[in-house]
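**Q** Here you go, one structure.
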Amino acid sequence: MFSKQNRKLLQDPLNDDNPITVQVLGICSALAITVQLKPAIVMALAVLFVLIFSNLIVSLLRDLIPNRIRIIVQLVIVAALVILVDQFLKAYAYDVSKELSVFVGLIITNCIIMGRLEAFALGNGPWKSILDAVGNAAGYGIILIIVAFFRELLGSGKLMGFEILGHKAKTIAESTGLYHYGYENNGFMLLSPMALITVGVLIWFQRSKNRKLIES
Amino acid sequence: MNRNSNAYTFIFAIILVVFVAAALAFTATTLQPLQAENVRNEKMQNILSTIGENVQRDQAQTEFDKYVKQSLALKIDGTVDTQVDAFSLDLKKELSKPVDQQRFPIYIAEKDGKTFYVAPLYGAGLWDAIWGYVALSDDENTVVGASFDHKGETPGLGAEINQSWFEDQFVGKKILDENQNFVSVKAVKGGAKADDIHGVDAISGGTITSDGVSAMIKERLEHYLPYFKNN
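Residue numbers (our numbering), protein chains in the order written: chain A, 1 to 216; chain B, 1001 to 1231.
This is the structure in structure tokens:
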């Protein structure tokens, strides 16, 4: 079940082969929905769900899928799963679905998913495919959550919507916490370029720590 | 069967598509009532929030029935069209119709013995649609509450229109000047003067969204003036 080889499938995407920081895939959604922590977590869970099931389905059908239309078949499966997620969110988590809006639909175009289907699920058994999906979705989700953590904290002084740096009122005297001492939120953190820069800093940090990634 | 033959490819594609379509159609129809209810309840929450009632989503229907006494659909000349269910009107669709066929919903609410008129708004922000509700007190002039929302304004800038600091500024503002002429309430770039009864602070960095809010309030409320004149 969890042989050394299978554990590698789970662990590699978290660090050595991270989909965002090493393979630089799925950047578009990493920029778009990391303004706040909550949508980032939901997005990570949605990708986890879609990736596990699409990997599993493609892996089960891998001997049946006609080679010439395999990309189309993968797209149909991913698109169907994404629509399912979207419909469920609209029915049971309406507020979250409003925040994620179009980005749920854009999971379809997330290169990580197509990449895993094409590179892994088409050539491996169901159990391995599930592990691969969990590993890659977790590697994606971790980066998303780290980026969202810094952007929400520095950009709006909140985490998960709670004002942890104090409350910013109209005047400094009425404000509490850090704002009372003249602290200002960095509005730039809320814009997409800072997501790119945050991801860049993460890549730099990871490469400085991980010897395997240092190019000679 | 040969996996590379045309026949196999066609059969596989057809089976896959039929199966996926059936699964999606089934989920969509099963979840449709729940989704529609969420949208309805949210609308009621928004209307109630303009008269200062913040209710939970699952309480929205009961609270709405408690406070909102009448929902009317108005014609362009201010008369009531009794054929139309005002609550189900979609302002976006109405605005794309010819002027004489447009119907504007108005909700008449009562709270603590006072009457409020709540009018829905719909307009354009920087990136996409913005909408909201504005409540007027029984003098048909003073704003008692406003609530805005947007589809895709810039987070931290234009998207702030749905935050309470922006919405609360509208409370107490007047839409008519001393000669009873309609001037609406504007979001003023650089900040409104303290004694300006027709202006609120615009959002710095969100000028186009703020202007969108000003334009939306002006254009939509204008349609209600004939009705207010007759009542």
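Heads up, the beta-carbon is just placed ideally off N, CA and C, and yes, glycines get one too.
Between Gly166(A) and chain B, is there a C-beta pair that is closer than 8 Å?
**A** By 1-based counting over the first sequence, the position of residue 166(A) is 166. Chain B, which has no Cβ nearer than 8 Å to the Cβ of Gly166(A), makes this no.
**Q** So with CB distances below 7 Å, who are the chain A contacts of Val1068(B)?
**A** Within the second sequence, residue 1068(B) is the residue found at index 68, counting from 1. Going along chain A, no residue has its Cβ under 7 Å from Val1068(B), so there is no contact; the nearest lies around 21 Å.
**Q** Use the C-beta contact count for Trp204(A): other C-beta atoms within 10 angstroms, 16 or more gives buried, fewer gives exposed.
**A** The residue given as residue 204(A) occupies position 204 in the first sequence. With fewer than 16 other Cβ atoms within 10 Å, it is exposed.
**Q** Which residues in chain A sit within 8 Å of Thr1009(B), going by Cβ to Cβ distance?
**A** As a first step, residue 1009(B) must be located in the second sequence, where it is residue number 9. Under the 8 Å cutoff, chain A gives Pro66, Arg68 and Ile69.
**Q** I'd like the ranges of any alpha helix (DSSP H) spanning at least 4 consecutive residues and lying wholly in the region 1055 to 1143 of chain B.
**A** For the region 1055 to 1143 of chain B, whole alpha helix (DSSP H) runs of length 4 or above, ordered along the chain, are 1060 to 1067 and 1091 to 1095.
**Q** Can you tell which of Gln1061(B), Ser1049(B), Asp1201(B) and Asn1002(B) has the C-alpha that lies nearest to the C-alpha of Ala1119(B)?
**A** The residue given as residue 1119(B) occupies position 119 in the second sequence. It is Ser1049(B) whose Cα lies nearest to the Cα of Ala1119(B).
**Q** Compute the beta-carbon to beta-carbon distance between Ala91(A) and Leu1157(B), rounded to the nearest angstrom, for a pair I have assumed lies under 8 Å.
**A** Along the first sequence, one-based indexing puts residue 91(A) at 91. Along the second sequence, one-based indexing puts residue 1157(B) at 157. Their Cβ separation, rounded to whole angstroms, is 31 Å, which puts Ala91(A) and Leu1157(B) out of contact at 8 Å.
**Q** Return the chain-ordered list of same chain residues with a C-beta closer than 6 Å to the C-beta of Asn6(A), the five sequence neighbours on each side being excluded.
**A** Locating residue 6(A) in the first sequence gives position 6, where the first residue counts as 1. Same-chain partners within the cutoff: Leu131.
**Q** Is the shortest distance between the beta-carbon of Thr1062(B) and the beta-carbons of chain A less than 8 Å?
**A** Taking the first residue of the second sequence as position 1, residue 1062(B) is located at position 62. Not one chain A Cβ lies under 8 Å of Thr1062(B).
**Q** Going by DSSP, which residues form a beta bridge with Ser1147(B)?
**A** Counting from one through the second sequence, the residue named residue 1147(B) turns up at place 147. DSSP output for Ser1147(B) lists Tyr1133(B) as bridge partner(s).
**Q** Report buried or exposed for Arg151(A), applying the criterion of at least 16 other Cβ atoms within 10 angstroms of its Cβ.
**A** Within the first sequence, numbered from 1, the residue matching residue 151(A) stands at position 151. The residue in question, Arg151(A), is buried, as its Cβ has 16 or more Cβ neighbours within 10 Å.
**Q** Would Met189(A) and Gly161(A) qualify as a contact pair, given that the criterion is a beta-carbon distance under 8 Å?
**A** The residue labelled residue 189(A) in the question sits at position 189 within the first sequence. The residue labelled residue 161(A) in the question sits at position 161 within the first sequence. Taking 8 Å as the Cβ cut-off, Met189(A) and Gly161(A) do not qualify as a contacting pair.
**Q** Below 7 Å CB to CB, which residues in the same chain sit around Lys1069(B) once its five sequence neighbours on both sides are set aside?
**A** Taking the second sequence and counting its residues from 1, one reaches residue 1069(B) at position 69. Ile1108, Ala1109 and Glu1110, listed in sequence order.
**Q** Under 8 Å, Cβ to Cβ, is there at least one residue of chain B near Lys38(A)?
**A** In the first sequence, counting from the first residue as 1, residue 38(A) sits at position 38. With 8 Å as the cut-off, Lys38(A) does not count as an interface residue toward chain B.
**Q** Name the two residues that bound the continuous alpha helix (DSSP H) containing Val85(A).
**A** Counting from 1 along the first sequence, the entry for residue 85(A) is found at position 85. Residues Arg70 to Tyr92.
**Q** In three-state DSSP terms, what is Asp16(A)?
**A** Within the first sequence, residue 16(A) is the residue found at index 16, counting from 1. Reduced to three states, the DSSP call for Asp16(A) is coil.
**Q** Between the region 1209 to 1217 of chain B and the region 1176 to 1195 of chain B, are three or more C-beta pairs nearer than 8 Å?
**A** Verdict: yes, contact present.
**Q** Thr1027(B) versus chain A: which residues are under 7 Å apart at the beta carbon?
**A** Walking along the second sequence from the start, residue 1027(B) turns up at place 27. Ordered by position in chain A, the residues that pass the 7 Å Cβ test against Thr1027(B) are Leu84 and Gln87.
**Q** Along chain B, which residues have their Cβ under 8 Å away from the Cβ of Ser175(A)?
**A** Along the first sequence, read from residue 1 onward, the residue named residue 175(A) stands at position 175. What Ser175(A) touches in chain B: nothing, since even the nearest Cβ is about 12 Å away.
**Q** By DSSP's criteria, Gly1199(B) is part of a beta bridge. Which residues make up the other side?
**A** Here residue 1199(B) refers to the residue found at position 199 of the second sequence. Per DSSP, Lys1186(B).
**Q** Could you tell me which residues DSSP pairs with Leu1176(B) in its beta bridges?
**A** By 1-based counting over the second sequence, the position of residue 1176(B) is 176. Bridge partners of Leu1176(B): Phe1182(B).
**Q** So with Cβ pairs under 8 Å, would you call Gln1056(B) a contact of chain A?
**A** For the purposes of this step, residue 1056(B) is taken as the residue at position 56 of the second sequence. Chain A, which has no Cβ nearer than 8 Å to the Cβ of Gln1056(B), makes this no.
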